[in-house]
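Letter 112 of the sequence shown, counting from 1, is numbered 1378 in this note's numbering, and no numbers are missing. Below is one structure, written out as structure tokens; comments come after it.
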Amino acid sequence: MSVLGKEVQAGGRLRTDLDYGPAFLGDRHTTPVIVTHGLIKGPTLCLTAAVHGDEINGVEVIRQMLVRTDAAKLSGTLIVIPAVNWLAFMQGSRETPERRDINRYFPGDPQDDYASRLTHALFERVLKPHCDYLVDLHTASLKRSNVPQLRADLGDPEVRRFAALLNELPILWEDGSRRMLRQVAARAGIKAVAVEFGSAETI
Ligand SMILES: [Zn+2]
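The following block contains the structure:
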């Protein structure tokens, strides 16, 4: 298969970068995209973390999944974006440098501000063309802590079926805001849920 113009063979792993283009100060930024393409045919699961840059639990979840996932034994494909909001992640802040919550900017706009360009690049170049399923990993914001929970729009039967597969977690039926990643992905036909667990700024 080909992701961001790079080929990855069945049974192999590709580490590449998604180019977000110029950021707030005009310098270019990329974020890692790692593809584990299973030897056995199957659907594609995508994992995103650090959409809010200070919510770092998901980054560690993805690291451990990569260590434990063997492409030779995998049915389907795993695509991970461990630090979606790269600049915010590097600064340990929730929002982009110009204080945008990018989870209100999907599916983005290539001609608008940095948050719009970032969300557009991620959604149009990686998520929409490749993902059958999406788990977006979050924590509580500010000084709060969330009990581990799944957030999903259970009114969508496909999303409901997917959520039921992750049955260790309580599910909060939440439609979400119109421009959050989970909502926009579901409207594009991706079975999408969010997982919330723990606090920001800590693993
Ligand atoms: Zn979050």
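All C-beta atoms in this analysis are idealised placements derived from N, C-alpha and C, irrespective of residue type, glycine included.
Could you check the C-alpha separation between residue i and residue j for me, to the nearest Å?
i: Arg1370; j: Ile1437; result: 22 Å
i: Ala1452; j: Pro1373; result: 11 Å
i: Ala1470; j: Asp1283; result: Residue 1470 lies beyond the stretch modelled for the chain, which goes from 1267 to 1469, so this question has no answer here.
i: Ser1407; j: Lys1394; result: 27 Å
i: Glu1364; j: Pro1288; result: 13 Å
i: Leu1403; j: Glu1273; result: 27 Å
i: Asp1375; j: Pro1309; result: 28 Å
i: Asp1441; j: Arg1448; result: 9 Å
i: Leu1435; j: Ala1338; result: 29 Å
i: Phe1389; j: Val1461; result: 19 Å
i: Gln1266; j: Ala1454; result: The structure shown has nothing for residue 1266, since the chain only spans 1267 to 1469.
i: Glu1326; j: His1318; result: 14 Å
i: Asn1367; j: Glu1361; result: The sequence given here places Asp at residue 1367; Asn does not occur at that position. Using only the alpha carbons, I get a separation of about 5 Å.
i: Glu1467; j: Gln1415; result: 18 Å
i: Arg1334; j: Ala1276; result: 17 Å
i: Met1356; j: Asp1422; result: 35 Å
i: Arg1444; j: Arg1417; result: 14 Å
i: Asn1412; j: Asp1336; result: 31 Å
Considering only heavy atoms of ligand 1, does any lie closer than 8 Å to the CB of residue i?
i: His1318; result: yes
i: Glu1440; result: no
i: Asp1369; result: The question names Asp, but residue 1369 in the sequence shown is Asn. For ligand 1, at least one heavy atom lies less than 8 Å from the Cβ of Asn1369.
i: Glu1321; result: yes
i: Thr1335; result: no
i: His1404; result: yes
i: Ser1407; result: yes
Excluding the 5 residues preceding and the 5 following residue i in the sequence, name in chain order all residues of the same chain whose CB lies nearer than 6 Å to its CB.
i: Met1446; result: Asn1369
i: Tyr1286; result: His1295, Leu1384, Ala1387
i: Arg1426; result: Leu1420
i: Lys1457; result: Tyr1399, Glu1424, Val1425, Phe1428
i: Leu1313; result: Ile1328, Val1346, Val1401
i: Phe1290; result: Pro1363, Glu1364, Tyr1380
i: Cys1397; result: Thr1310, Cys1312, Ile1456
i: Thr1297; result: Leu1284, Ala1349, Trp1352
Please say whether residue j and residue i have beta carbons closer to each other than 9 Å?
i: Gly1265; j: Gly1304; result: Not covered by the structure: residue 1265. The range shown for the chain is 1267 to 1469.
i: Leu1332; j: Val1350; result: no
i: Thr1302; j: Arg1329; result: no
i: Ala1316; j: Pro1348; result: yes
i: Asp1320; j: Ser1268; result: no
i: Val1459; j: Leu1432; result: yes
i: Leu1311; j: Val1401; result: yes
i: Ile1300; j: Arg1281; result: yes
Can you give me the Cβ contacts of residue i inside the same chain, cut-off strictly under 7 Å, excluding the 5 residues immediately before and after it?
i: Asn1323; result: Leu1403, Thr1405, Phe1463, Gly1464, Ile1469
Near residue i, what residues of its chain come up, given a Cβ to Cβ distance below 8 Å and the 5 sequence neighbours on each side ignored?
i: Arg1391; result: Leu1270, Leu1284
i: Arg1410; result: Ser1465
Of all the beta strand (DSSP E) runs that stay within the bounds of the region 1427-1460, which reach a length of 3 or more residues? Correct list: 1437-1439.
(Q) Could you tell me which whole beta strand (DSSP E) segments of length 3 or greater appear in the region 1269-1312? (A) Unbroken beta strand (DSSP E) runs of no fewer than 3 residues, entirely contained in the region 1269-1312, are found at 1278-1288, 1294-1303, following chain order.
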